[in-house]
Amino acid sequence: MVTPIFRVFDYKTAIEFYIDWLGFHIDWEERPNAGPLYMQVSRGDVVLHLTGHHSDSCPGSKAIAEINGLRSYHRLLLQKDYPFMRPGLEKTAWNEKVMQTEVTDPFGNRLVFVEACG
163 MVTPIFRVFD YKTAIEFYID WLGFHIDWEE RPNAGPLYMQ VSRGDVVLHL TGHHSDSCPG
223 SKAIAEINGL RSYHRLLLQK DYPFMRPGLE KTAWNEKVMQ TEVTDPFGNR LVFVEACG
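Residue numbers (the numbering used here): 163 to 280.
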């Protein structure tokens, strides 16, 4: 298993994006007094680490996550009407039998959800 680390700058904004909109769950978090955040979030088999530590990751990272039920997940995201993003659903440039939807978090990190389609 590979776990991407995404740099985040604001706890509340990260929760609104990853938990409230994308539907991830907080697995654990470390928020020492006066220290930066480090947490793990997951949705099914997709696991991410979110960090406020400047040395852990650069803003603007990108990860690709294979999921099952991409079309349903895409519909769910659009139904939630997140005011800052309305991702499309399209075939990938590298394989016409793979669909993708890409989201960009408020900190510039990109997460691409993909699924093979028949």
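Every residue gets a Cβ at the ideal spot worked out from N, C-alpha and C, and that includes glycine.
Coarse secondary structure for residue i, derived from DSSP in three states
i, result
"Leu210", "strand"
"Tyr244", "coil"
"Glu178", "helix"
"Trp256", "coil"
Chain-order list of residues whose beta-carbon lies under 6 Å from that of residue i (same chain, five-residue window excluded)
i, result
"Asp218", "Ile167"
"Leu273", "Ala225 and Val265"
Integer-rounded CB distance, given that residue j should sit under 8 Å from residue i
i, j, result
"Val209", "Thr254", "Not a contact, Cβ separation roughly 22 Å."
Cβ pair residue i, residue j closer than 8 Å
i, j, result
"Ala196", "Phe275", "no"
"Arg169", "Thr213", "yes"
"Met232", "Thr263", "The residue asked about is misnamed: residue 232 is Leu in this sequence, not Met. Cβ distance < 8 Å, so Leu232 and Thr263 count as in contact."
Proximal residues to residue i (C-beta, below 7 Å), its chain only, five neighbours per side dropped
i, result
"Gly206", "Ile229"
"Gly222", "Gly270 and Asn271"
Host beta strand (DSSP E) of residue i (start-end)
i, result
"Val274", "Arg272 to Ala278"
"Arg169", "Ile167 to Arg169"
"Ile229", "No beta strand (DSSP E) contains Ile229, which DSSP labels as neither H nor E."
"Arg205", "Tyr200 to Arg205"
"His187", "His187 to Glu192"
Nonlocal neighbours in the same chain, by C-beta distance under 8 Å from residue i, ignoring five residues either side
i, result
"Ser204", "Phe186, His187, Asp189 and Leu210"
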